[in-house]
Amino acid sequence: MSDKMRMRGDAVTLSGIDNNLRNTAFTAESGEAAGNANRPLGLFLEDLFRNLRPLLNFIGSAIRIFAGAMLILIGLSLLVGFTIALAAGLGWIPESQNIVMGDVPVHILIRDLPGWSILAFYMAAIIPAISMLLSGLGLLLRRTVLTRTVGLSLFGLWLLSVIGCIFSVARISHNFQNEGQQVQQQSFPGLSATPTLFLDTRHVDRSNDQDVEIEFVPADSGAVVSVDKTFSAKGATEAEGARTAATSMGYTVRQANDTTLVFDDHFSFLPEASYRDQNLRLTVHLPRNKTFRLSEDFSYWMNSANFVNDQRPEKPENHLFRLRNNQLECVDCSAEDLRGDDFGDEYDEDTDTTDEVVNIHTDEGNMRVRVNTDNDNVGVSFDIPKSNFSANPAEYGSGRRTFNLSGFRQIEASGAYRVYVRQGSAFKVEAAGTDSDLRNLRVDTNGDQLTIHSLRSSFFGNFTSNRKPILVRVELPELRYLELNGACRANVAGFRGQPLKVEQSGACNAALAVDVPQLTLDLSGACQTDLRGSATELKVEGTGVCQINALELKSQRAEVELSGMSKAKVNVTDRLRADLSGASRLGYAGKPTSVRKEVSGSSRVTSLVD
0 MSDKMRMRGD
10 AVTLSGIDNN
20 LRNTAFTAES
30 GEAAGNANRP
40 LGLFLEDLFR
50 NLRPLLNFIG
60 SAIRIFAGAM
70 LILIGLSLLV
80 GFTIALAAGL
90 GWIPESQNIV
100 MGDVPVHILI
110 RDLPGWSILA
120 FYMAAIIPAI
130 SMLLSGLGLL
140 LRRTVLTRTV
150 GLSLFGLWLL
160 SVIGCIFSVA
170 RISHNFQNEG
180 QQVQQQSFPG
190 LSATPTLFLD
200 TRHVDRSNDQ
210 DVEIEFVPAD
220 SGAVVSVDKT
230 FSAKGATEAE
240 GARTAATSMG
250 YTVRQANDTT
260 LVFDDHFSFL
270 PEASYRDQNL
280 RLTVHLPRNK
290 TFRLSEDFSY
300 WMNSANFVND
310 QRPEKPENHL
320 FRLRNNQLEC
330 VDCSAEDLRG
340 DDFGDEYDED
350 TDTTDEVVNI
360 HTDEGNMRVR
370 VNTDNDNVGV
380 SFDIPKSNFS
390 ANPAEYGSGR
400 RTFNLSGFRQ
410 IEASGAYRVY
420 VRQGSAFKVE
430 AAGTDSDLRN
440 LRVDTNGDQL
450 TIHSLRSSFF
460 GNFTSNRKPI
470 LVRVELPELR
480 YLELNGACRA
490 NVAGFRGQPL
500 KVEQSGACNA
510 ALAVDVPQLT
520 LDLSGACQTD
530 LRGSATELKV
540 EGTGVCQINA
550 LELKSQRAEV
560 ELSGMSKAKV
570 NVTDRLRADL
580 SGASRLGYAG
590 KPTSVRKEVS
600 GSSRVTSLVD
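The numbers in numbering that gives the first Met the number 0 rise by one with no breaks, and the one at position 566 of the sequence shown is 565.
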């Protein structure tokens, strides 16, 4: 072999001998090349992978660069975010009171923490971010940045930080063991001469956690108008809680003129306050011989429980009120003027007067909880108010915004908005509300979807919330999809001929008047939907305590799936399929020719009288 190689002029080396042996294996005795079928499989695969090596190297490098970039981006974002939170908590950033965690300003939340606790929380948060950042750099540089020594050191420091956090949490919980109260009384003798008192509010831009509860108490005729401010806070002892309540909170009620009493709609934390789950309750003593006028802001500030029978006028500033027991009663209102609690005569089978009924009132609406104990069969049902709101922009404030958007056929809304949607030949999006709230409204498009949400959202949650709702009026030629989240309310009408899908979550309400071949509803939480019009096929899926009223929507076929404590009423003429679980209820009208039902738990399907 070596002689042949010398005669050919080849170098006699191990590599040369190996190549010569390989070539010989594929050469016949006559010197002609053998067929490819005689080539060993191992050599074929070796050549294949040798040729694919550049491609595989490129794919591996791309994955490495992408993973490294993502680790750097995530780690750097977390590091910057936690550092900003620390700076805000220490008061190093202007307007730190507007940066909240949950509903509490960050600088109030951590003010009472010792330095070592703040350092422990900060290190426990940023060490994983630093590790991600260094790992990403190592992938990009193709070298070890996070060495074994550095990694073990960071891990040990992180464990110490976690231990420090545990001790900090134990110390914090000790300061929330008991609740103390401090009552302050403020009198307004200057209002005694006026027969009609005007009640108004002043908006203070604070978080939801600083809301104020208010109740009215009748006083003797001729008595002086007074307000009892009950400040409450937590502490290690009740006495400490009372001291904290008296020294950490500020609230103003002032007499604007001879007839007007103005209330702040939130309390404020004093400059050196520490967070102790502070709350404020106002008890307003009003003489029986006086009548009252309310501003629209004051009416929004209260919930409907402050009105007799939960009946609040649509325009309270135009009406006169008097005190009846602990509630305000409209003196000059007609039945059409009153909003009521928005509960109709739904679900008559549950309206037995022997049932226990509890009304739950929130800023965004009401909910009625009914406990039925007839025949020793305990049942719990929820009644959610219908979705009705004014579409008049003048009732939402003087601010206006117009958005030049087009090309969308889907709508997504998240937050406490009133979305009024109508079919039209052109695209139009307008908003009405107060100027401060409109500045934080964001309306834009993502492909063919229109999104409506607030700018005041971040990694730490919403900075604040609107005290008054915002009206958003939308006009578009075609609507195929509607998504509502949170406390949103929607009124949709005029669409026909195209399938429509509606998704709702949270405590949102919707009223739809459509004529479509297929209507699909996907509801979760405490949603409520009212339907009118017609649909060839209706599909409903509800979980939680949802309510669907579709008696005024004529459908040929319906598929209804309910779970939890959901309720639905449908109007079907051809075929109905029902699948119920939990304590759900389904009532149907229209005399369908086919009814198939699968029921579990205490759910039931009943036929309604047309």
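Every residue, glycine too, gets a C-beta built ideally from N, C-alpha and C.
What you are looking at is a predicted structure, and each value in this text was computed from that prediction instead of being measured.
Could you name the residues of the same chain whose beta carbon sits closer than 6 Å to that of residue i, not counting the 5 residues immediately before and after it, in chain order?
| i | result |
| --- | --- |
| Leu269 | Ser247 and Gly249 |
| Arg610 | Any answer about residue 610 is impossible in this case: the structure gives the chain only from 0 up to 609. |
| His318 | Pro312, Cys329, Asp331 and Cys332 |
| Leu530 | Leu511, Ala549 and Leu552 |
| Gln422 | Gly493 and Phe494 |
| Gly586 | Lys568, Thr605 and Leu607 |
| Thr444 | Leu404 and Phe407 |
| Arg556 | Glu536, Asp573 and Arg574 |
| Ser504 | Asn484, Ser523 and Gly524 |
| Val161 | Ala123 |
| Asp111 | Ser273 |
| Asp434 | Gly398 |
| Tyr419 | Ala390, Arg472 and Asn490 |
| Leu662 | The shown model of the chain, from 0 to 609, leaves out residue 662, and the question about it has no answer. |
Quick check on the DSSP output: the alpha helix (DSSP H) that includes residue i runs from which residue to which?
| i | result |
| --- | --- |
| Thr605 | Counting along the chain, Thr605 falls outside any alpha helix (DSSP H), though it belongs to the beta strand (DSSP E) covering Arg603 to Ser606. |
| His173 | Arg147 to His173 |
| Ser134 | Gly114 to Leu140 |
| Gly240 | Glu237 to Ser247 |
| Arg438 | Asp434 to Arg438 |
With 16 as the cutoff for other CB atoms within 10 Å, does residue i come out buried or exposed?
| i | result |
| --- | --- |
| Val168 | exposed |
| Trp91 | exposed |
| Leu54 | exposed |
| Lys314 | exposed |
| Phe154 | exposed |
| Ser231 | buried |
| His173 | exposed |
| Ala393 | exposed |
| Ile129 | buried |
| Arg488 | buried |
| Gln277 | buried |
| Asn305 | buried |
| Asn18 | exposed |
| Lys228 | buried |
| Ile107 | buried |
So, for residue i: in the same chain, excluding its five sequence neighbours on each side, which residues have a beta-carbon less than 8 Å away from its beta-carbon?
| i | result |
| --- | --- |
| Met69 | Gly135 |
| Thr290 | Pro194, Thr195, Leu196, Leu319, Phe320, Arg321 and Val330 |
| Pro516 | Gly496, Gln497, Pro498, Ala534, Thr535 and Glu536 |
| Leu138 | Arg63, Ile64, Ala66, Gly67 and Leu70 |
| Asp336 | Pro312, Glu313, Lys314, His318 and Cys329 |
Taking 7 Å as the limit between beta carbons, can you name the residues of its chain near residue i, skipping five residues before and five after?
| i | result |
| --- | --- |
| Ser191 | Val223 |
| Ile73 | Met131 |
| Asp2 | none |
| Val598 | Leu579 and Val604 |
| Arg253 | Val261 |
| His265 | Val203, Arg205, Gln209, Asp210 and Val211 |
| Leu133 | Val144 and Leu145 |
Go to residue i, then tell me how far its beta strand (DSSP E) extends in each direction, as first and last residue.
| i | result |
| --- | --- |
| Phe402 | Gly398 to Phe402 |
| Ser554 | Gln546 to Leu561 |
| Lys590 | Premise fails: Lys590 is in no beta strand (DSSP E) and is neither H nor E. |
| Asn570 | Lys566 to Leu579 |
| Leu327 | Gln326 to Cys329 |
| Asp208 | Neither: Asp208 is in no beta strand (DSSP E) and is coded neither H nor E. |
| Thr663 | There is simply no residue 663 to check, as the chain begins at 0 and stops at 609 in what is shown. |
| Gln176 | Counting along the chain, Gln176 falls outside any beta strand (DSSP E), and DSSP gives it neither H nor E. |
| Tyr395 | No beta strand (DSSP E) holds Tyr395; DSSP gives it neither H nor E. |
| Gly221 | From DSSP, Gly221 is part of no beta strand (DSSP E); its letter is neither H nor E. |
| Ser583 | Looking at the DSSP string, Ser583 is not in any beta strand (DSSP E), and its letter there is neither H nor E. |
| His452 | Gln448 to Ser453 |
| Ser413 | Gln409 to Ser413 |
| Arg417 | Tyr416 to Gln422 |
(request) Enumerate, from N- to C-terminal direction, the unbroken beta strand (DSSP E) stretches of 3 or more residues contained entirely within the region 457–541. (result) Listed in chain order, the beta strand (DSSP E) elements of length 3 or more contained wholly in the region 457–541 are 469–475, 480–484, 488–495, 499–505 and 508–524.
(message) My parser needs the alpha helix (DSSP H) runs of 4 or more residues fully inside the region 283–321; what are they?
(response) Within the region 283–321, the alpha helix (DSSP H) runs of at least 4 residues that lie entirely inside it are, in chain order, 295–300.
(message) Under 8 Å, with one C-beta from each stretch per pair, do the region 408–427 and the region 468–479 reach the 3-pair mark?
(response) Yes, the region 408–427 touches the region 468–479.
(request) Please determine if the region 235–244 and the region 257–264 are in contact, where contact requires at least 3 C-beta pairs separated by less than 8 Å. (result) Segments in contact, no.
(message) Give the list of continuous beta strand (DSSP E) stretches no shorter than 3 residues that lie fully inside the region 249–278.
(response) Runs of the beta strand (DSSP E) lying entirely within the region 249–278, each at least 3 residues long, are 252–254 and 259–263 in chain order.
(message) Is it the case that the region 144–156 contacts the region 179–188, given that we only count it when at least three CB pairs across the two stretches are under 8 Å?
(response) Contact fails: fewer than three Cβ-Cβ distances are below 8 Å.
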